[in-house]
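When we follow the numbering used here, the leftmost residue of the sequence shown carries the number 114, and every step to the right adds one. Idealized CB from N, CA, C, for every residue including glycine. Being a predicted model, the structure only gives us computed values, none of them experimental. One structure below.
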Amino acid sequence: MQEDSYRHKGMRLNLVQVLKAKGITDSNVLDAIGKVPRHVFLESMFVEFAYQDKAFPIGSGQTISQPFTVAMQSQLLCVTRGMKVLEIGTGSGYQACVLAQMGAKVFTIERQRNLYMKTKSLIAEMPYNIKTFLGDGNKGLPTFEPFDRVLITAAAPEIPQDLVNQLKTGGIMVIPLNDETDATKQRMLRLTKQPDGTMLREEFGDCRFVPMLKEIGRD
Ligand code: SAH
114 MQEDSYRHKG
124 MRLNLVQVLK
134 AKGITDSNVL
144 DAIGKVPRHV
154 FLESMFVEFA
164 YQDKAFPIGS
174 GQTISQPFTV
184 AMQSQLLCVT
194 RGMKVLEIGT
204 GSGYQACVLA
214 QMGAKVFTIE
224 RQRNLYMKTK
234 SLIAEMPYNI
244 KTFLGDGNKG
254 LPTFEPFDRV
264 LITAAAPEIP
274 QDLVNQLKTG
284 GIMVIPLNDE
294 TDATKQRMLR
304 LTKQPDGTML
314 REEFGDCRFV
324 PMLKEIGRD
């Protein structure tokens, strides 16, 4: 794993200021962004880009989400220490580490085998409580339910019913749901599970994610 120098730490604190200026207020989220070394999730030659507020390609046609998106989704999720959080779309593993740094027990699913293998070994070197799984996130993890929180980090064509079923009553799901009128974007939704099983829906503007696909990828 790449070292974490004072220079990296300084760049991280700058990023935290940028995110604050853009409206992130949850101090647990800001604290976690200030601590998790984002540069280790990028190839070493791209280290200069690690602390800019931009998404970045990580291979296999996938991206590490923009820090603002990671911060916004983490904030909407209202995570507190000890919660069980299911993440769909492990990708680089950065979002999972931010949630773990916030004190969550993270379960994360990735459908692309090569990305899963790469990220699994990177996460194993980090001091976090994260379990990685290869599979179709639409199905969730029936063995480990129920979850306090579900975070989807790919563009979902619909709300996956299996994931609703695996959420506790009072639990929260954050999901970028495809916009029916514009296929290029999604609406960021926060869904809270009610005692009767229905989902209370709140909307938080437009966003853009890579698509959530079905089945395990051969790509
Ligand atoms: N959370 C990631 C960013 C994810 S990009 C990070 O912090 O870097 C979205 C990821 O979702 C991609 O890696 C993609 O392969 C994965 N994905 C897409 N469809 C999926 C599915 N059905 N199940 C699990 N992962 C999926």
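Looking at the DSSP output, Q175 bridges to G172.
Straight through space, the alpha carbons of F317 and I288 are spaced by roughly 10 Å.
Taking a contact to require three or more Cβ pairs closer than 8 Å, the region 196-215 and the region 258-272 qualify as touching. Within 7 Å of the C-beta of T245 there is not a single heavy atom belonging to the ligand SAH.
Per DSSP, reduced to three states, the secondary structure at V183 is helical.
The alpha-carbon of Y119 is positioned some 11 Å away from that of P150. With distances taken between CA atoms, S173 lies nearest to V323 out of V323, H152, Q165. As computed with DSSP, A296 is found in no beta bridge at all. Setting aside the 5 residues that flank it on each side, G284 is surrounded in the same chain by P259, F260, D261, R262, V263, T305, K306, each with a C-beta closer than 8 Å to its C-beta; the list follows chain order. Excluding its 5 nearest sequence neighbours in each direction, N227 has C-beta neighbours in its own chain below 6 Å: S173, listed in chain order. Between F169 and L132, the gap from beta carbon to beta carbon reaches 8 Å or more. Membership of G318 in the beta strand (DSSP E) is indicated by the continuous run 312-320.
Residues E200, T203, A209, T245 of the same chain have their beta carbon placed closer than 6 Å to that of T221, with the five preceding and five following residues left out of the count. Within a 10 Å sphere around the beta-carbon of S157 sit fewer than 16 other beta-carbons, which makes this residue exposed. Ranked by Cα distance from R194, the options H152, Y229, A163, Y241 are led by Y241. Per DSSP, reduced to three states, the secondary structure at M301 is strand. Relative to E315, the option among F159, I329, E328, R300 whose CA is nearest is R300. As a beta-bridge residue in DSSP terms, M286 pairs with V263, L304. Spatial neighbours of E223 in its own chain (CB-CB distance under 6 Å, excluding positions within 5 residues in sequence) are listed in chain order as T203, Y229.
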